[in-house]
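For reference, the structure discussed in these notes is given below.
There are 4 protein chains.
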Amino acid sequence: MNKHELTELAEDTPFYQHIGIEIIEIGDGFAKLALKYRDCLSHPFRCFHGGVIASLADSAGINAVMTTLQKNEKSLTLEMKINFLLPAKDPEIYAEGKVVRRGKRIAVSDVDVKNIEGRLIAKAIVTCTIS
Amino acid sequence: MNKHELTELAEDTPFYQHIGIEIIEIGDGFAKLALKYRDCLSHPFRCFHGGVIASLADSAGINAVMTTLQKNEKSLTLEMKINFLLPAKDPEIYAEGKVVRRGKRIAVSDVDVKNIEGRLIAKAIVTCTIS
Amino acid sequence: MNKHELTELAEDTPFYQHIGIEIIEIGDGFAKLALKYRDCLSHPFRCFHGGVIASLADSAGINAVMTTLQKNEKSLTLEMKINFLLPAKDPEIYAEGKVVRRGKRIAVSDVDVKNIEGRLIAKAIVTCTIS
Amino acid sequence: MNKHELTELAEDTPFYQHIGIEIIEIGDGFAKLALKYRDCLSHPFRCFHGGVIASLADSAGINAVMTTLQKNEKSLTLEMKINFLLPAKDPEIYAEGKVVRRGKRIAVSDVDVKNIEGRLIAKAIVTCTIS
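Chains as they are written, first to last, in the numbering used here: chain A, 2 to 132; chain B, 2 to 132; chain C, 2 to 132; chain D, 2 to 132.
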């Protein structure tokens with residue numbers, strides 16, 4: 002899938018709209034997504050809630066995988082793991098997913114979540130099925 | 002922290018309100034949370050988005066840990082991992098977090114996410130710091 | 002595969018012999034494995050090394066999955082995650098794997114590693130492919 | 002800890018000797034370890050067993066963290082997660098651990114396991130406590 006198709010799919014994903022996930026860059030086996038801070042995404046300490054960061058990381062991972070899909074293929078997240086490294090109070094955060102293994106039925110993405118200064122705030126591995 | 006305190010904290014957590022996470026049961030080292038389906042929480046196939054399920058699982062894990070906190074302690078999620086087992090199209094889903102290890106500075110919760118029939122739709126392990 | 006077949010396969014797995022992994026119980030979607038302490042399995046503090054515990058947990062997870070395989074199917078570990086909960090200085094430790102999801106191509110096991118008193122020393126989730 | 006101290010500690014770690022883990026490079030927040038193939042480390046398909054690869058990855062992760070320790074500090078693996086990307090039949094494999102977060106009490110390493118041609122065969126994240 003190309004950037005146009007992935008952007009359309011993102012716009013057709015209600016949860017992306019609900020929290021504000023946007024695709025900003027698509028490459029071959031690569032996706033960069035952005036998310037702007039709003040109070041509704043925070044925990045009581047007024048940082049991004051971990052669930053929001055996990056949602057962004059998962060989305061970057063699967064979008065990276067979807068850049069490798071053929072017309073008749075689709076992908077779902079099978080599992081993910083994420084370490085929260087720093088609290089994020091930034092006006093915007095970014096997740097970069099990079100496919101590290103593309104098999105016939107399984108693909109794996111490595112995901113870095115960064116703040117506006119480029120510091121790593123979370124690190125994830127996302128495993129997707131392809132069918 | 003007791004059920005009253007955790008419910009107040011949940012109500013003061015903007016992201017819980019934004020997606021609809023509710024505490025429905027609190028025990029000693031145990032928390033059960035619920036989340037009602039709304040279209041804004043879905044992916045294009047009209048199931049709960051994985052990010053929503055991960056957010057609910059993370060929340061159940063840390064709420065279970067928070068039942069073990071003293072007045073002067075607080076807890077943050079350090080990392081989590083989750084397997085998505087079945088797509089969830091149910092009107093409501095539940096996550097049950099159970100503390101399997103409470104150290105001085107680290108606690109670990111095992112989390113089951115279930116649909117309305119009690120079938121397991123996701124399984125997570127959540128590690129929290131205590132400070 | 003039944004207990005006899007899995008025991009034969011375990012005996013034909015050089016790494017199991019090298020560290021001493023033994024199958025002690027097989028059920029439907031369930032496997033219990035044991036490992037006796039030897040100094041060569043320890044880290045400098047004379048407990049079981051984490052890598053040994055991870056190896057045992059992985060093995061319990063995939064053996065549980067292999068109880069569900071048909072004659073023409075085989076299984077490989079795709080990924081695993083493990084939390085080390087307590088140091089283990091016991092003469093023997095055990096891992097119990099239980100299949101929590103068996104799809105056509107993917108199966109997931111929940112694994113508890115316990116010491117000789119039955120206390121939980123590690124908790125893992127193991128994801129296997131089936132082909 | 003410096004390369005000399007870490008090499009001594011590795012030589013004093015019985016499990017490293019038992020499977021053959023060697024430290025080959027140490028930097029600031031970085032450790033590269035090697036492991037030679039022997040039949041006793043294999044599974045029935047004569048590749049490195051997943052438990053061996055997980056042990057090597059865990060060791061690279063914690064050695065990277067140990068390069069950041071002061072004299073009076075020690076570190077233990079709290080949890081790890083690993084994706085097995087390719088089967089490894091190589092005469093030698095390598096794991097490179099890089100610290101991506103060093104807090105006061107927690108450090109996190111990103112680990113790449115590579116074969117002799119430099120291809121990625123596994124990817125892990127290792128979380129360590131510091132006390």
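Even glycine gets a Cβ: it sits at the ideal position worked out from N, Cα and C.
Within chain C, no residue has its beta carbon less than 9 Å from that of leucine 36/D; the closest one is some 11 Å off. For isoleucine 20/A, the closest C-alpha among the options Leu42/B, Ile122/B, Met2/B is that of Leu42/B. In the structure shown, asparagine 64/D falls within a helical segment according to DSSP collapsed to helix, strand and coil. Against threonine 130/B, the close residues of chain D are Ile107, in the order they occur along the chain (beta-carbon pairs closer than 7 Å). Residue burial is scored here from C-beta neighbours: histidine 50/B has at least 16 other C-beta atoms within 10 angstroms and is therefore classed as buried. Among the CB atoms of chain C, one or more fall inside 8 Å of the CB of threonine 14/D. The stretch 76-88 of chain B makes contact with the stretch 111-124 of chain B; the number of CB pairs closer than 8 Å reaches 3 or more. In the DSSP secondary-structure assignment, serine 110/B is bridged to Val100/B, Val127/B. When C-beta atoms of the stretch 57-71 of chain D are compared with those of the stretch 67-81 of chain C, fewer than three pairs fall below 8 Å, so the two segments do not count as touching. With the rule of 3 Cβ pairs closer than 8 Å, the stretch 102-112 of chain D does not count as touching the stretch 18-38 of chain C. For glutamate 6/B, the closest alpha carbon among the candidates Asn64/B, Lys99/B, Pro45/B is that of Asn64/B. Looking at the DSSP output, alanine 32/C sits in a beta bridge with Ile27/C, Gly98/C. When C-beta distances to chain A are compared with 8 Å, the residues of the stretch 96-120 of chain D below that value are Val101, Arg102, Val109, Asp111, in chain order. Within a 10 Å sphere around the beta-carbon of glycine 52/D sit 16 or more other beta-carbons, which makes this residue buried.
Between valine 112/C and alanine 55/C, the gap from beta carbon to beta carbon reaches 8 Å or more. By alpha-carbon distance to serine 60/C, the top candidate from His44/C, Ala11/C, Lys75/C, Lys37/C is Ala11/C. By alpha-carbon distance to glutamine 18/B, the top candidate from His44/A, Ile94/A, Glu93/A, Val114/A is His44/A. DSSP places lysine 82/C within a strand segment (E or B) once states are collapsed to three. Here DSSP, grouped into helix, strand and coil, assigns isoleucine 117/A to coil. With respect to glutamate 93/D, leucine 36/D sits close: the two C-beta atoms are nearer than 8 Å. Under the three-state reduction of DSSP, lysine 4/D is assigned to helix. Of the other Cβ atoms in all chains shown, 16 or more fall within 10 Å of the Cβ of serine 110/A; this residue is therefore buried.
Within the stretch 60-86 of chain C, Leu79, Glu80, Lys82 place their CB atoms closer than 8 Å to a CB of chain A, listed in sequence order.
Glycine 28/B sits away from valine 127/B, with the two beta carbons spaced by 8 Å or more. Within chain A, the C-beta atoms nearer than 9 Å to that of lysine 124/D come from Val101, Arg102, Val109, Asp111, Ile126, in chain order. Taking C-beta atoms as the reference points, aspartate 91/A and isoleucine 117/A count as a pair closer than 8 Å. Under DSSP, glutamate 93/B takes part in a beta bridge, and its partners are Lys37/B. The DSSP-derived three-state label of leucine 87/B is coil. DSSP places phenylalanine 16/D in the uninterrupted alpha helix (DSSP H) bounded by 15-20. The Cβ atoms of valine 114/D and glycine 30/D do not sit closer than 8 Å to each other. Each of Glu26/C, Glu9/C, Thr8/C, Cys48/C was checked against the Cα of threonine 14/D, and the nearest Cα belongs to Cys48/C.
Under the DSSP definition of a beta bridge, phenylalanine 49/C partners with Ser43/C. Taking all protein chains in view, the Cβ of glutamate 26/A is surrounded by fewer than 16 other Cβ atoms within 10 Å, so the residue is classified as exposed. Put simply, the backbone Cα of tyrosine 38/D is about 53 Å away from that of aspartate 40/A. Sorting Gly98/B, Ala96/B, Phe46/B by C-alpha distance to the C-alpha of leucine 77/A places Phe46/B at the top.
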